Amino acid sequence: MSKPARLPGAAPRRFGGTRRRVPGLRPRVFAALLLSSAVTLAVAALALLSPLEHRLRSDGETAVFTAIAASRSDFAEIGLTRATGTPSNGELAATVALLRRRSGAQVTVLDRRLGTIYSPANQDLDVPDYYAQARRALRTGRGVHTLVGDELVAAEPMQIGENGATYAVVLVRRLQYVSSAVHVVQNAFIEAAAVGFGIALLLGLALTTTLLRRLERLREAARELERRGLDAPIHLDERRDEIGDLTRAFASMQARLRRQEEARHAFVATASHELRTPLASLDGTLELLEDDLDPRRLDLEDARERTLRAREQSRRLSSLASDLLDLSRLDAEVSLRAEPVELGELCRAVAAEFERRAAERGIQIDVRQPSQACWATCDPGAVARIVRILLDNAIGIAPSGSRVQTQSATDGSWARVTVSDDGPGVPERERERIFERFQRGSTSGGRSGFGLGLAIGRELATRMGGSLTLLDGATGAGAPGARFTLRLSAARVEEDSAP
Ligand SMILES: Nc1ncnc2c1ncn2[C@@H]1O[C@H](COP(=O)(O)OP(=O)(O)O)[C@@H](O)[C@H]1O
Ligand SMILES: [Mg+2]
0 MSKPARLPGA APRRFGGTRR RVPGLRPRVF AALLLSSAVT LAVAALALLS PLEHRLRSDG
60 ETAVFTAIAA SRSDFAEIGL TRATGTPSNG ELAATVALLR RRSGAQVTVL DRRLGTIYSP
120 ANQDLDVPDY YAQARRALRT GRGVHTLVGD ELVAAEPMQI GENGATYAVV LVRRLQYVSS
180 AVHVVQNAFI EAAAVGFGIA LLLGLALTTT LLRRLERLRE AARELERRGL DAPIHLDERR
240 DEIGDLTRAF ASMQARLRRQ EEARHAFVAT ASHELRTPLA SLDGTLELLE DDLDPRRLDL
300 EDARERTLRA REQSRRLSSL ASDLLDLSRL DAEVSLRAEP VELGELCRAV AAEFERRAAE
360 RGIQIDVRQP SQACWATCDP GAVARIVRIL LDNAIGIAPS GSRVQTQSAT DGSWARVTVS
420 DDGPGVPERE RERIFERFQR GSTSGGRSGF GLGLAIGREL ATRMGGSLTL LDGATGAGAP
480 GARFTLRLSA ARVEEDSAP
């Protein structure tokens, strides 16, 4: 045999080859929690620290500028010494003190030649060279301010005294509290980050421990199922969350599989039992037939009778085989068609198949068709099969000389076919049981059968989204009678577009 062609360089594929294992649930949960708390803190720090610094600085500056504006009139009201025309020392000191309180800044007053006419007594500031600013303020007549490091220097031209000269009032305010405030907040963030990480780790540990323990239990249950089969017990997780739901779904799947398995066992056991009896009887008949055909004691009359019996038995077997085939198809969930079918016409066609048998038994089949066509969405083959099952029972069970009736009708969103007879009906206690597989009722009328017809009929009806039920009362001819109704969803079909 030639070797299969392979792409150059392509490694041969093997089943169960080693796949790279992804990290488990626990490291992933930890990573997610840590990452999310780190990102949250980083974003919060970015969003808070820089605006906080900016805000504190601008608040400091505003305090200085507001104080200057508020003091302007106070400066203008300072009295001047008549001899020199310079501001009176006492008043100047009081006004400057007020300005200092308002602005929180050190205040110096310079004259036009930049000579100091007032300077703070306790000059504790390392005052930068502010002469250039004072000069510019005096020259331009407009306030000048600069921020050097943490120090705000504002030089303001200010008229002192009514009609007095203009002086430069220089304010120096230290804004280093801004940096310390930002620093404090930064430290707080770092502490918060440490606490946040700690909590995230603890939470992650607690969460993953319980989650993993519960998942582990579920995995163990799945393994048990593999080892011990469908009877392995599952510990139900009572909690109302996703893992609890998963465990419950798992348990209900197991229960369903177990039920199916049991049904399959029962079906195979009953089916083989049911097959064995008619086969043994057929075998016996054929053996006797062989005896009858022995040339030494040839009995043609008996042989003919036995041949008829054998044929009858083989017919029964073939009908059982076809029922079993139907059931196995239904169990394999072979899909049914869904198309518009006219039920009246279908009943008429199926009833025609039974005409001869009915006549032999002296039974009249009455096919009642409504004035309007009765359309249903269904599988025509399946519906014909159900009507056949119902007519077969009715004609076999109803007394000779009676009437069997089929009727199709639509009511609202449903279409239905009813098959009724004037036979003995079905006793109350058997009404549901007769729809089970291999269950025959006391009213089977001595006919041969395997109790599969109604089970097949109901299964088919359910699979088409409808139902097959037994209703009380029959045609009203005195006897209790039986009335089976097949209900299907109605189809809306325009008469001229009918298929
Ligand atoms: N028209 C009917 N009247 C009275 N009993 C019925 C009628 N149809 C069905 N039954 C009861 O339901 C049982 C089950 O029917 P079915 O599933 O078709 O199996 P089978 O025909 O092989 O007995 C019958 O044995 C009979 O007792
Ligand atoms: Mg039957």
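Counting along the sequence shown from 1, when you hit position 93 you're at 92 in numbering that gives the first Met the number 0, and nothing is skipped either side.
Virtual Cβ for every residue (Gly too), placed ideally from N, Cα, C.
This one's a predicted model, so the numbers in the text were calculated from it and none came from an experiment.
Q | Which of helix, strand or coil DSSP assigns to V425 | A | Of the three classes helix, strand and coil, the one that applies to V425 here is coil, per DSSP.
- Query: Where G422 and G480 are concerned, what is the direct C-alpha to C-alpha distance, given to the nearest angstrom?
  - Reply: Answer to the nearest angstrom: the Cα atoms are 5 Å apart.
Exercise. With 16 as the cutoff for other CB atoms within 10 Å, does S327 come out buried or exposed?
Worked result: Classification for S327: exposed.
Q) Taking the alpha-carbon positions, what's the R99 to L34 distance? A) Their Cα atoms are separated by approximately 50 Å.
Task: Closest Cα partner of V63 within the set S271, L390, V168 - done: Residue V168 is the option with its Cα nearest to V63.
key: Any C-beta of chain C under 8 Å from that of A30   = Looking at the structure shown, chain C is missing, and only one protein chain is on hand.
Notebook entry, point to check: Would you call the stretch 380-391 and the stretch 450-462 in contact, with 3 or more CB pairs under 8 Å?
Noted result: Contact between the stretch 380-391 and the stretch 450-462 is established, with three or more Cβ pairs separated by less than 8 Å.
**Asked** Once you ignore the five residues that flank T474 on each side, which residues in its own chain have a CB closer than 7 Å to its CB?
**Response** Because the pLDDT at T474 is just 47, under 50, the model does not fix this residue reliably, and the value given afterwards should be weighed accordingly. Excluding sequence neighbours, T474 sits near R402, Q404, S419, D421, G480.
Suppose you measure from the CA of A358 to the CA of G445; what does that come to, to the nearest Å? Each residue's Cα considered, the two are about 19 Å apart.
Given L124, which residues of its chain have a CB within under 6 Å of its CB, disregarding the five upstream and five downstream residues? Any reading at L124 is ruled out, since the residue's pLDDT is 49, under 50, leaving its predicted position unreliable.
query = Does the beta-carbon distance from A309 to L285 come in below 8 Å?
reply = It is a contact, given that the beta carbons lie within the stated cut-off.
At a cut-off of 7 Å, is A350 close to ligand 1 when judged by its beta-carbon and the heavy atoms of the ligand? In terms of side-chain proximity, the C-beta atom of A350 is found no nearer than 7 Å to any non-hydrogen atom of ligand 1.
- Message: I need the DSSP call for L485, collapsed to helix, strand or coil.
- Response: L485: strand per DSSP, three-state reduction.
**Asked** Rounded to a whole number of angstroms, what is the C-alpha to C-alpha distance between G464 and A320?
**Response** About 26 Å.
Q) Where does L235 fall in DSSP's three states? A) Three-state result, L235: coil.
task = With a threshold of 16 other CB atoms inside 10 Å of the CB of L345, please say whether the residue is buried or exposed.
result = So L345 counts as buried.
- Item | Complete runs of the alpha helix (DSSP H) confined to the stretch 428-467 [at least 4 residues] | Along the stretch 428-467, the alpha helix (DSSP H) occurs as fully enclosed runs of 4 or more residues at 452-462, listed in sequence order.
query = Does the separation of the CB atoms of A408 and P369 fall below 8 Å?
reply = Taking a C-beta distance under 8 Å as the contact criterion, A408 and P369 qualify as a contact pair.
query = Is D514 near ligand 1, in the sense that its beta carbon is under 7 Å from a heavy atom of that ligand?
reply = For residue 514 there is no data in the structure shown, the boundaries of the chain being 0 and 498.
Discussion item. Measuring alpha carbon to alpha carbon, tell me which residue in P426, T484, V349, A489 is nearest C373.
Written reply: It is A489 whose Cα lies nearest to the Cα of C373.
Item to complete: Give me the Cα-Cα distance between A250 and L235, rounded to the nearest whole angstrom.
Response: Roughly 8 Å separates the two Cα atoms.
Outcome for R81 when other beta-carbon atoms lying within 10 angstroms are tallied against a minimum of 16 = So R81 counts as exposed.
Minimum C-alpha distance to N554 - residue among G160, L174, R112, L342 = As shown, the chain starts at 0 and ends at 498. That puts residue 554 outside it, with no answer to give.
Worksheet item: Between A375 and the rest of its own chain, which residues show a CB-CB distance below 7 Å, the 5 nearest in sequence each way excluded?
Response: Hits under 7 Å: V340, L342, A414, L487, S488, A489, A490.
CA-CA distance, R305 and E289?
Whole-angstrom Cα-Cα distance: 10 Å.
**Asked** Are P86 and G142 closer than 8 Å when you measure CB to CB?
**Response** Cβ atoms of P86 and G142: not closer than 8 Å.
If you draw a straight line from the alpha carbon of T484 to that of L453, how long is it in whole angstroms?
Roughly 12 Å between the two C-alpha positions.
#### Entry: Stretch pair the stretch 294-303 + the stretch 236-250: three plus CB contacts closer than 8 Å
Flag = no, the stretch 294-303 and the stretch 236-250 do not touch.
Practice prompt. Report all residues from its chain with a CB closer than 6 Å to the CB of M157; omit the five preceding and five following residues, and keep chain order.
Written response: Sequence-distant Cβ neighbours of M157 in its own chain, meaning closer than 6 Å and more than five residues away, are F74, Y166, V168.
**OP:** Indicate whether R534 and S70 have their beta-carbon atoms separated by less than 8 Å.
**Re:** No answer is possible for residue 534: the residues shown for the chain start at 0 and end at 498.
Original post:
Regarding L335 and ligand 1, is the C-beta to nearest heavy atom distance less than 7 Å?
Top reply: No.
* Asked: With 16 as the cutoff for other CB atoms within 10 Å, does R436 come out buried or exposed?
  -> If you draw a 10 Å sphere on the C-beta of R436, you find 16 or more other C-beta atoms in it, and that means buried.
Who does C377 pair with in a DSSP beta bridge? Answer by DSSP bridge pairing, in chain order: E338.
Who are the Cβ neighbours of F188 in its own chain at under 6 Å, not counting the five residues just before and after it? Non-local C-beta neighbours of F188 in its own chain, meaning closer than 6 Å and more than five positions away in sequence, comprise A44, ordered along the chain.
(request) Return the first residue and the last residue of the alpha helix (DSSP H) that A265 is part of. (result) Where A265 is concerned, the enclosing alpha helix (DSSP H) starts and stops at 241-291.
Here's a check: name, in chain order, each residue in its chain whose Cβ is nearer than 7 Å to the Cβ of A350, leaving out the five neighbours to either side.
Correct list, in chain order: I364, V366, L390, T405.
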